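As given, the protein sequences belong to chains A and B, one line each in that order.
Residue 23 in this note's numbering is what sits at position 23 of the first sequence, and the numbering runs on without skipping anything.
To convert a position in the second sequence, counted from 1, into this note's numbering, add 1000.
Note that CB positions come from ideal geometry on N, CA and C, so glycine has one too.
Please read these numbers as outputs of a predicted model, since none were measured by experiment.
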Amino acid sequence: CSESDLGPISLNWFEELSAEAPP
Amino acid sequence: DVAEQLTPVLLDGLTEENLQLVSNLKDSSSSCAVDVSTVWWEAAGCRELCVVTACESSVSLWKPLASDHWGKVYTWQLTEIPVIQIVPLPDTCNLVCIALGDLEIGEIRLLLYSSENNSFQQSLVKTGNIKAVLGLKDRRLVSSSRTVQEQQVEIVSLSVTGRSRDGQTLMPPEETVLAFAEVEGMRDALVGTTAVNSIVVWSVNLKTGQLLKKMHVGYSYPASICHRVYSDSGLLFVVLSHPHAKESESCGNPAFRVIAFNPKTARSMGVMFSSLPPGHTGRQGDVKDASAVAVLTSGAIAVWDLLLGQCTALLLPDPAGSWALARWAITGACLLAGRWDGTVCLYRY
């Protein structure tokens, strides 16, 4: 799987989505 | 660098050679098998992997004896509402969780042994219109339930005697959650599949039950069920079964798929694809590690290696009866296969 197919990949996706999500 | 294998790989002349019959157990008092599972059970300082069998009105605990024989330890009677499912609880001992109901789950109960009272007991954990339930690590249980107005997604902690006071409500998606899977290696992440074919991701740490992301699986595979999820290199790899997918020329008759999701962009890509053997339809599946198993409407059981995307074994219905149930044991490469008459066969895979 590559970024061209799936978009920018982040190893810290969980922390980043947690920070973005409404409480 | 792996791409979805769109051409189904099927082995001609599949046999049972990858499955070795170890033993079977027959409950003479049981007429119709509903579910089968395994549980760690400790008695008199000896911890053993026991088998749990369920029929509509009772649940039995079996312990291993010498020479691959099994002896019934106890039978809990459940006469008011039919038993419809055993809910495995990972990493627990001396605790069996069951779901009861008619068409859908109306009650969740714990079956246990109380050393205080020196007796086998049962206790009520939850009631409601429960759509999905899953046992989580650290003696927790997640469930989705519906009232007319809203959906509740809740994690409850279990004590040795039943439901404890600690609970957590998760933010529900608009659509009904039909299945859950823990994200392996990430205690705070939980995934669910919904009635409109979305994957939802929650944060389930003690402070929040935030819904982090909703990602679509695709319309070709309605009512997909998540079985296993792991996170690797910034991607979520989800093992799905497709009980209602229709056969197509390009994909054959899909049974299981592994899909990689990028949780940041919600974009996805098929990684591996497993098809039903030719001429078979319908399936009800279970996944452990890279092994998947399903009961087919023909009364056969099929086993797949999800890494190869290949069907590796087929147990055909024999004169003793059609297969009704197939579950992996919680430890070891052991398949539990149940017939309609209540017989459970243990196979080494």
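- prompt: Listing by chain order, which chain A residues have their CB less than 9 Å from the CB of M1215/B?
  reply: Under the 9 Å cutoff, chain A gives no residues; its nearest Cβ is about 11 Å from M1215/B.
field: Per-residue contacts from Q1210/B into chain A (C-beta, under 9 Å)
entry: Residues of chain A passing the Cβ test: L17, S18, A21, P22, P23.
query: When the Cα atoms are used, what is the spatial distance from N1117/B to A1043/B?
result: In a straight line, the C-alpha of N1117/B is about 15 Å away from that of A1043/B.
task: Taking a Cβ distance cut-off of 8 Å, strictly less, list which residues of the stretch 1175-1207 of chain B are near chain A, in chain order.
output: The stretch 1175-1207 of chain B vs chain A, Cβ under 8 Å: M1186, D1188, A1189, V1201, S1203.
- request: For K1288/B, collect the residues of the same chain with a Cβ closer than 7 Å to its Cβ; drop the 5 residues on either side in sequence, then sort them by chain order.
  value: Correct list, in chain order: W1328.
- request: Taking 9 Å as the cut-off, decide whether the C-beta atoms of L1112/B and V1096/B are in contact.
  value: Taking 9 Å as the Cβ cut-off, L1112/B and V1096/B qualify as a contacting pair.
task: With distances taken Cα to Cα, identify the nearest neighbour of V1087/B among W1070/B, G1071/B, I1105/B, V1303/B.
output: Of the candidates W1070/B, G1071/B, I1105/B, V1303/B, the one whose C-alpha sits nearest the C-alpha of V1087/B is I1105/B.
message: Excluding the 5 residues flanking G1185/B on each side, which residues of the same chain have their C-beta closer than 8 Å to its C-beta?
response: Same-chain partners within the cutoff: Y1230, S1231.
field: Below-9 Å beta-carbon distance, M1272/B vs any chain A residue
entry: Residue contact with chain A for M1272/B: absent (no Cβ-Cβ distance below 9 Å to any residue of chain A).
Assigned secondary structure, L1006/B (DSSP; H/G/I helix, E/B strand, else coil): Low per-residue confidence applies at L1006/B: pLDDT is 33, beneath 50, and the placement is therefore not dependable, though the value from the model is reported in the following sentence. When DSSP states are grouped into helix, strand and coil, L1006/B belongs to the coil group.
- request: Assign N1253/B to buried or exposed, taking buried as 16 or more other Cβ atoms, counted over all protein chains shown, within 10 Å of its Cβ.
  value: Buried, since its Cβ has 16 or more Cβ neighbours within 10 Å.
query: Residue range of the beta strand (DSSP E) that S1067/B falls in?
result: First-last for S1067/B: undefined, no H or E at that position.
Where S4/A meets chain B, residues with beta-carbon distance less than 9 Å: Listed along chain B is no residue with a C-beta nearer than 9 Å to that of S4/A; the closest approach is about 10 Å.
- request: State the DSSP-derived secondary structure class of D1286/B, mapped to helix, strand or coil.
  value: D1286/B: strand per DSSP, three-state reduction.
query: According to the neighbour-count rule (16 or more other Cβ atoms, all chains shown, within 10 Å of its Cβ), is T1053/B buried or exposed?
result: Buried.
query: Counting Cβ pairs, one atom from each stretch, are 3 or more of them under 8 Å apart for the stretch 1193-1205 of chain B and the stretch 1158-1176 of chain B?
result: Short answer: they touch.
field: Paired residues, beta bridge with R1339/B - DSSP
entry: Residue pairing of R1339/B in beta bridges, as defined by DSSP: W1323/B.
Boundaries (first-last residue) of the alpha helix (DSSP H) holding A19/A: Per DSSP, A19/A belongs to the alpha helix (DSSP H) from 13-20.
message: Please identify, using Cβ separations under 9 Å, the residues of the stretch 1249-1267 of chain B that lie next to chain E, in order along the chain.
response: Looking at the structure shown, chain E is missing, and the protein chains on hand are A and B.
Buried or exposed by the 16-neighbour rule on C-beta atoms within 10 Å, applied to P1008/B: Confidence is the limiting factor: at P1008/B the pLDDT is only 34, short of 50, which leaves the residue's position unreliable and the question unanswerable from this model.
message: Can you tell me whether L1011/B is helix, strand or coil according to DSSP?
response: Interpretation of L1011/B is limited by its pLDDT of 44, a score under 50 that renders its predicted location unreliable; the figure taken from the coordinates is listed afterwards. Under the three-state reduction of DSSP output, L1011/B falls in the coil class, being neither helix nor strand.
- prompt: Which whole-angstrom value is the C-beta distance of K1126/B and I1108/B, which I expect to be below 8 Å?
  reply: Indeed, because the Cβ distance is near 5 Å, the residues count as touching under 8 Å.
message: Can you tell me whether N12/A is buried or exposed? The criterion is at least 16 other CB atoms within 10 Å of its CB, across all chains shown.
response: Its Cβ having fewer than 16 others within 10 Å, N12/A is exposed.
field: Uninterrupted beta strand (DSSP E) stretches inside the stretch 1084-1137 of chain B (no shorter than 3 residues)
entry: The DSSP assignment places 1095-1101, 1105-1114, 1119-1136 as complete runs of the beta strand (DSSP E) inside the stretch 1084-1137 of chain B, in order along the chain (cut-off: 3 residues).
task: From the DSSP output, in three-state form, read off S4/A for me.
output: Three-state DSSP puts S4/A in a helix.
query: Apart from the five residues just before and just after K1131/B, which ones in its own chain have a Cβ nearer than 7 Å to its Cβ?
result: A distance below 7 Å between beta-carbons, with the five flanking residues on each side excluded, links K1131/B to the following residues of its chain, in chain order: E1104, S1144, S1145, R1146, T1176, V1177, L1178.
field: Nearest-angstrom Cβ-Cβ length linking L1306/B and S1274/B, presumed shorter than 8 Å
entry: Going by Cβ atoms, the distance from L1306/B to S1274/B rounds to 6 Å, so yes, they are a contact pair.
query: Are the C-beta of G1234/B and some C-beta of chain A separated by less than 9 Å?
result: Yes, its Cβ sits closer than 9 Å to a Cβ of chain A.
query: Can you name the start and end residues of the beta strand (DSSP E) that P1254/B belongs to?
result: If you look at P1254/B, you'll find it in the beta strand (DSSP E) that goes 1254-1262.
- prompt: Between the C-alpha atoms of V1059/B and D1166/B, what's the straight-line distance to the nearest angstrom?
  reply: In this structure, the straight-line span from the alpha carbon of V1059/B to that of D1166/B is close to 27 Å.
task: Kindly list the residues whose CB is nearer than 7 Å to the CB of T1331/B, restricted to its own chain and excluding five residues on each side of it in sequence; keep chain order.
output: L1049, listed in sequence order.
- prompt: Within the 9 Å Cβ cut-off, does L1322/B reach chain A?
  reply: In the sequence as presented, Leu is not what sits at residue 1322/B; that position holds Ser. It does not; no Cβ of chain A falls within 9 Å.
- prompt: In chain order, what residues of the same chain have a beta carbon less than 6 Å from the beta carbon of I1301/B, not counting five sequence neighbours either side?
  reply: These residues qualify, in order along the chain: V1295, L1315, W1323, A1326, A1337.
message: Please confirm whether S1231/B has its beta-carbon closer than 9 Å to some beta-carbon of chain A.
response: Output row for S1231/B: interface = yes.
task: Kindly identify the DSSP beta-bridge partner or partners of Y1074/B.
output: Y1074/B is bridged to L1061/B.
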